[in-house]
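A short write-up of the structure that comes next.
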Amino acid sequence: PVTFPIVPQTHSLSQRRAVPGRRKRFDTLLAEHKNRARERERERELHPTPFPAKPLSQGPTPLHPPHCCP
Numbered sequence: 006p007v008t009f010p011i012v013p014q015t016h017s018l019s020q021r022r023a024v025p026g027r028r029k030r031f032d033t034l035l036a037e038h039k040n041r042a043r044e045r046e047r048e049r050e051l052h053p054t055p056f057p058a059k060p061l062s063q064g065p066t067p068l069h070p071p072h073c074c075p
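Structure representation (structure tokens):
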């Protein structure tokens, strides 16, 4: 049996801001991430896909179609 939670821990904002060695401040990185997400959402609204994406097939695709009769 599992004796510890398998859900990843979420760190507080103060802990995330305190990480040493970042190239940019955490708040700057967070703002950039949110802006990219907003831009992607805007793109989806302006240019929706005409058809929903098909799920990936399970297993390999046969090289030849199956025969209907033995």
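Count along the sequence shown from 1, add 5, and you get the number used in the working numbering. Every residue gets a Cβ at the ideal spot worked out from N, C-alpha and C, and that includes glycine.
Taking 6 Å as the limit between beta carbons, can you name the residues of its chain near Arg78, skipping five residues before and five after? Any question about residue 78 goes unanswered here, given that the chain covers just 6 to 75.
So, helix, strand or coil for Arg28, using DSSP? Note: Arg28 maps to coil in three-state DSSP.
Under the three-state reduction of DSSP, which class applies to Ser19: helix, strand or coil? Three-state DSSP puts Ser19 in a helix.
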